[in-house]
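These notes are about the structure you will find just below.
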Amino acid sequence: MTTNILNLSLADEQQTLALGSKLAQSFGAATIIFLHGDLGAGKTTLSRGVVQGLGHQGKVKSPTYTLVEPYQVGGWQVYHFDLYRLADPEELEYMGIRDYFTPDSLCLVEWPERGHGMLPAADMDITLQYEGERRVARIEANTPVGIALLEKLSA
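The numbers in our numbering rise by one with no breaks, and the one at position 86 of the sequence shown is 66.
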């Protein structure tokens, strides 16, 4: 692969969930993914696809009010963060943010810009946006872990 960016067109919610499931099947190492996009762009839907793709059978809810929802699935500790309501990045220090980023964790972070300065670097950035009726996912790998993941997604 010659680039570290992949653009995908997603026709509907099912394709967004399928992308999440494909991501879930591609993890080979602890990974941090930052999810970008406006409200309603599909960040939580993509996260639900990842968690369910790893084998979680229950409901996958948005952590808008709790900041983080933990899941233990497929041998991974999965942490789904939604920092939309975060008033100050320093709040992350009080919740022990560093404890979540471990060698057996997959961290999906919505609204990562609200935690600027307190979060580790992302292996991958995924930006979801609408183009007409479709969503477009721009997936950018930032590290060797992210590049390996992107190569599996591209296969």
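Just so you know, even glycine gets a beta-carbon here, dropped at the ideal spot from N, CA and C.
Because the structure is a prediction, the values reported are computed rather than measured.
Is DSSP giving residue i helix, strand or coil here?
| i | result |
| --- | --- |
| residue 107 | strand |
| residue 92 | helix |
| residue 65 | coil |
| residue 73 | helix |
| residue 169 | Because the chain here runs from -19 to 135, residue 169 falls outside it and cannot be looked at. |
| residue 59 | strand |
| residue 45 | coil |
| residue 52 | strand |
With a CB to CB cut of under 7 Å and the five nearest residues on each side skipped, what residues in its chain are close to residue i?
| i | result |
| --- | --- |
| residue 9 | 125 |
| residue 37 | none |
| residue -1 | -12, -10, 26, 29 and 117 |
| residue -16 | 120, 121, 127 and 130 |
| residue 96 | 69 |
| residue 100 | 12 and 81 |
Among the residues of its own chain, which have a CB less than 8 Å from the CB of residue i, if the five just before and after it don't count?
| i | result |
| --- | --- |
| residue -19 | Residue placement at residue -19 cannot be trusted, given a pLDDT of 43 that sits under 50; what the coordinates show is reported in the next sentence. Once the five neighbours on either side are set aside, the close Cβ partners of residue -19 are 127, 130, 131 and 134. |
| residue 65 | 44, 45 and 47 |
Would you kindly report the start and end of the unbroken alpha helix (DSSP H) that includes residue i?
| i | result |
| --- | --- |
| residue 127 | 124 to 134 |
| residue 1 | -7 to 6 |
| residue 99 | Element bounds for residue 99: n/a, residue is neither H nor E. |
Tell me the residue span of the beta strand (DSSP E) that contains residue i.
| i | result |
| --- | --- |
| residue 11 | 11 to 16 |
| residue 120 | 114 to 121 |
| residue -13 | -15 to -10 |
Spatial neighbours of residue i within its chain, please: C-beta separation below 6 Å, excluding the five flanking residues on both sides.
| i | result |
| --- | --- |
| residue 123 | 103 |
| residue 94 | 63 and 66 |
| residue 24 | 42 |
| residue 18 | none |
Buried or exposed for residue i, please, with buried defined as at least 16 other CB atoms from any protein chain shown within 10 angstroms of its CB.
| i | result |
| --- | --- |
| residue -9 | exposed |
| residue -3 | buried |
| residue -6 | exposed |
| residue 39 | exposed |
| residue 115 | buried |
| residue 105 | buried |
| residue 92 | buried |
| residue 5 | exposed |
For residue i, decide whether its Cβ has a neighbour in chain C, counting only Cβ atoms nearer than 7 Å.
| i | result |
| --- | --- |
| residue 92 | The displayed structure is made up of one protein chain only, and chain C is not part of it. |
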